[in-house]
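In my numbering, the protein residues as written are 2 to 172.
Here a beta-carbon is modelled for each residue, glycine too, at the ideal position from N, C-alpha and C.
Predicted model, so just to flag it, every value in this text is computed and none were measured.
What follows is the structure in structure tokens.
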């Protein structure tokens, strides 16, 4: 048995072996999904190894870095597209590490505002710099023209998906 027959196939490769069974749109979707999974998996690993942080914690801190006055748990939940319970768990762990603070909202005492601490902002920005370097490394084989073309085509892809879904919401 040669090496190629022993390697597990990804979904895109399986589809490519039976091109008559699937439309080119499905192959495109699988290629996009595979690229996303490869990059995300490596980012997760590097965040864990370099900073002992999960990707969801990094994402939550990224949201807070954009809003210096803080966000409610509900706003974080909505922006991250996860449940309030998930956000509460993430915030609790970041609170324990001293990376975020939580205080009552001045507008609604029932709501809690979450914001990065000074240490949290410093830590997040170090992670964000490293993350930017990692992404640049993983996409280094793409030229500026390749990136511009992909950005344009992915914008069209996103618009097409939104049209099919009937959702003209924010980008």
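Three or more C-beta pairs below 8 angstroms linking the segment 72-82 and the segment 110-127: Yes: at least three Cβ pairs fall under 8 angstroms.
When the distance is taken between beta carbons, is residue 43 closer than 8 angstroms to residue 139? The residue given as residue 139 occupies position 138 in the chain shown. The residue given as residue 43 occupies position 42 in the chain shown. It is a contact, given that the beta carbons lie within the stated cut-off.
Proximity of residue 125 and residue 66 at Cβ, strictly below 8 angstroms: Counting from one through the chain shown, the residue named residue 125 turns up at place 124. Counting from one through the chain shown, the residue named residue 66 turns up at place 65. Yes, the Cβ-Cβ distance between residue 125 and residue 66 is below 8 angstroms.
So, helix, strand or coil for residue 150, using DSSP? Here residue 150 refers to the residue found at position 149 of the chain shown. Correct three-state label for residue 150: helix.
Residue 100 versus 119, 84, 85, residue with shortest Cα-Cα distance: As a working mapping, residue 100 is identified with position 99 in the chain shown. Nearest of 119, 84, 85 to residue 100, Cα basis: 119.
Measuring CA to CA, which of 70, 133, 59 is closest to residue 102? As a position in the chain shown, residue 102 is number 101, starting the count at 1. Of the candidates 70, 133, 59, the one whose C-alpha sits nearest the C-alpha of residue 102 is 70.
Where does residue 85 land, buried or exposed, given buried means 16+ other C-beta within 10 angstroms? Walking along the chain shown from the start, residue 85 turns up at place 84. With fewer than 16 other Cβ atoms within 10 Å, it is exposed.
In angstroms, rounded to a whole number, what distance separates the CA positions of residue 26 and residue 58? Position 25 of the chain shown holds residue 26. Position 57 of the chain shown holds residue 58. Looking at the backbone, the Cα of residue 26 and that of residue 58 are separated by about 33 angstroms.
What are the start and end residues of the beta strand (DSSP E) that includes residue 106? Within the chain shown, the letter at position 105 stands for residue 106. If you look at residue 106, you'll find it isn't in any beta strand (DSSP E); DSSP assigns it neither H nor E.
Extent of the continuous beta strand (DSSP E) run through residue 113: Here residue 113 corresponds to residue number 112 of the chain shown, with the count starting at 1. Looking at the DSSP string, the run of the beta strand (DSSP E) that includes residue 113 is 113-117.
Whole-angstrom distance between residue 127 and residue 48, CA atom to CA atom: On the chain shown, residue 48 is found 47 positions in, with the first residue counted as 1. On the chain shown, residue 127 is found 126 positions in, with the first residue counted as 1. Distance between the alpha carbons of residue 48 and residue 127: 11 angstroms.
For residue 228, the first and last residue of its enclosing alpha helix (DSSP H): A question about residue 228 goes unanswered here, because the residues of the chain that appear run from 2 up to 172.
Please determine, among 107, 41, 62, the residue with the shortest C-alpha to C-alpha distance to residue 91. Your numbering for residue 91 matches position 90 in the chain shown. It is 62.
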